[in-house]
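By our numbering, the letter at position 74 of the sequence shown is numbered 160, and the numbering carries on one by one without gaps.
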Amino acid sequence: MNGMRYQNYSAHIEFDDEDGIFVGRILGVSDSVSFHATDVEGLRAAFHEAVDDYIAACAKIGKSPQKAFSGKLMLRVDPEVHAKAALAAELAGKSLNQWSEEVLDKAARQSAA
């Protein structure tokens with residue numbers, strides 16, 4: 087996985103071979119917040135500092151910092167897909183919400199591996 091987590095914020099990490107540095111970007115916020123370092127320890131410290139600075143900057147200008155995600159997800163899917171998912175959830179003895187969360191979690195873990 088090319089990511090880090092701190093205070094409920096996530097970051098995507100890449101390596102810039104030309105400059106020889108790790109570059110990170112905070113995900114899930116509309117503001118562009120990035121950071122970099124030459125090693126993992128420095129990158130972790132830079133990420134923490136970037137999150138802390140983002141929260142402080144928001145407070146300074148009277149803006150609420152964006153939280154990474156609320157947990158509410160609204161989707162539009164083909165009615166046939168909806169019916170199949172509802173049936174699968176019922177067969178599993180779960181609500182569509184519980185079933186969907188498990189399926190999404192499993193898919194997300196597989197893509198992060």
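Glycine included, C-beta positions come from ideal geometry on N, C-alpha and C.
State the CB to CB distance for the pair residue i and residue j, rounded to an integer number of angstroms; the pair is presumed to be in contact (CB under 8 Å).
{"i": "Val-120", "j": "Gly-110", "result": "The amino acid occupying residue 120 in the given sequence is Ser; Val does not appear at that position. At roughly 6 Å, the Cβ-Cβ gap stays under 8 Å, so Ser-120 and Gly-110 are in contact."}
{"i": "His-122", "j": "Ile-107", "result": "5 Å"}
Quick one: what's residue i bridged to in DSSP?
{"i": "Tyr-95", "result": "Tyr-92"}
Expressed to the nearest angstrom, what Euclidean distance is found between the alpha-carbon atoms of residue i and residue j?
{"i": "Glu-104", "j": "Ala-175", "result": "49 Å"}
{"i": "Ile-141", "j": "Ala-194", "result": "27 Å"}
{"i": "Ala-171", "j": "Leu-159", "result": "16 Å"}
{"i": "Gly-128", "j": "His-168", "result": "46 Å"}
{"i": "Ala-145", "j": "Gly-179", "result": "45 Å"}
{"i": "Lys-192", "j": "Val-126", "result": "28 Å"}
{"i": "Gly-218", "j": "Val-163", "result": "Past the edges of the chain, shown from 87 to 199, lies residue 218, and the structure says nothing about it."}
{"i": "Lys-149", "j": "Ala-143", "result": "8 Å"}
{"i": "Ser-181", "j": "Asp-102", "result": "45 Å"}
{"i": "Glu-188", "j": "Met-90", "result": "22 Å"}
{"i": "Asn-183", "j": "Leu-161", "result": "12 Å"}
{"i": "Asn-88", "j": "Leu-173", "result": "35 Å"}
Less than 8 Å between CB atoms is the rule here; does residue i satisfy it with respect to chain C?
{"i": "Val-126", "result": "Considering every chain present, this structure includes no chain C. It has just one protein chain."}
Query - Contiguous beta strand (DSSP E) assignments of at least 3 residues, all confined to the region 91-149 - result: 95-102, 107-113, 120-123
Query raised in the report: Should the region 92-106 be called in touch with the region 121-140, which here means at least 3 C-beta pairs below 8 Å?
Result: yes
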